[in-house]
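Residues are numbered in the working numbering as their position in the sequence shown, beginning at 1, plus a constant of 12.
Each residue gets a CB set at the ideal place from its N, CA and C atoms; glycine is no exception.
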Amino acid sequence: MAYENILVEKKGPVAVVTVNRPKVLNALSSPTLEEIGAAFREIGRDDSVRAVILTGAGEKAFVAGADIKEMQSMGVEEARRYSYLGIQAMWEIRLCPKPVIAAVNGFALGGGLELALSCDFIYASEKAKLGQPEVSLGVTPGFGATQKLPRLIGAARAKEL
């Protein structure tokens with residue numbers, strides 16, 4: 013399948029999924045979320061793939077969160093659809109029968125952190141910045157991080173973020 017916002021490459025038995033929107037720090041738009049979900053469904057059925065790496069294009073960001081420009085123009089129905097697409101993409105990653113490694117090469121904020129938390133392993137560079145900045149604005153993380161993060165690292169450490 014051809015994608016516009018992500019790259020999917022096979023390197024031997026490893027599939028590399030790259031969120032490819034470096035000009036906007038790999039922000040998650042609705043089409044990007046759709047493509048991530050579709051790619052992981054496809055990879056899950058590919059018997060030649062033994063492991064998956066999920067990363068972001070460029071050196072600044074893994075995924076810096078939601079596409080704020082897109083979100084500003086959303087009505088209620090578009091916002092619901094966006095939330096559904098995000099949850100669906102995260103589930104496709106979690107349900108992938110292959111081990112999925114998040115290679116975090118910069119900002120992993122908001123939905124970007126949630127994307128990384130959906131993976132089986134997180135490998136973060138020394139320059140990685142992880143967080144949920146939306147909570148300081150009174151916005152609840154939309155793709156399940158309020159449950160995933162404390163389960164993975166404990167409640168006290170999750171509150172630090």
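Excluding its 5 nearest sequence neighbours in each direction, V31 has C-beta neighbours in its own chain below 6 Å: I18, N38, G68 and V75, listed in chain order. DSSP, reduced to helix, strand and coil, places A14 outside both helices and strands of the structure shown, so it counts as coil. For the pair G118 and A73, the Cα-to-Cα distance works out to about 4 Å. By the C-beta criterion, the region 57-71 is judged to be in contact with the region 100-115, since at least 3 inter-stretch pairs fall below 8 Å. Counting only the Cα atoms, R57 lies some 28 Å from G77. About 7 Å separates the beta carbon of T44 from that of R33, a gap short enough to meet the 8 Å contact definition. Excluding sequence positions up to five before and after G49, its CB lies within less than 6 Å of the CB of Q100, A101 and E104, all in the same chain and listed in chain order.
When beta bridges are read from the DSSP output, F119 appears opposite A73 and K141. The residues P111, V112 and I113, in chain order, have a CB closer than 8 Å to that of D132 in the same chain once the five nearest residues on each side in sequence are set aside. Less than 9 Å divides the Cβ of S41 from the Cβ of E82. Minimum Cα-Cα distance from K35 among the listed residues D79, E46 and E21 corresponds to D79.
Taking 9 Å as the cut-off, the beta carbon of R106 is found no closer than this to the beta carbon of S85. Boundaries of the beta strand (DSSP E) around G68: A63 to G68.
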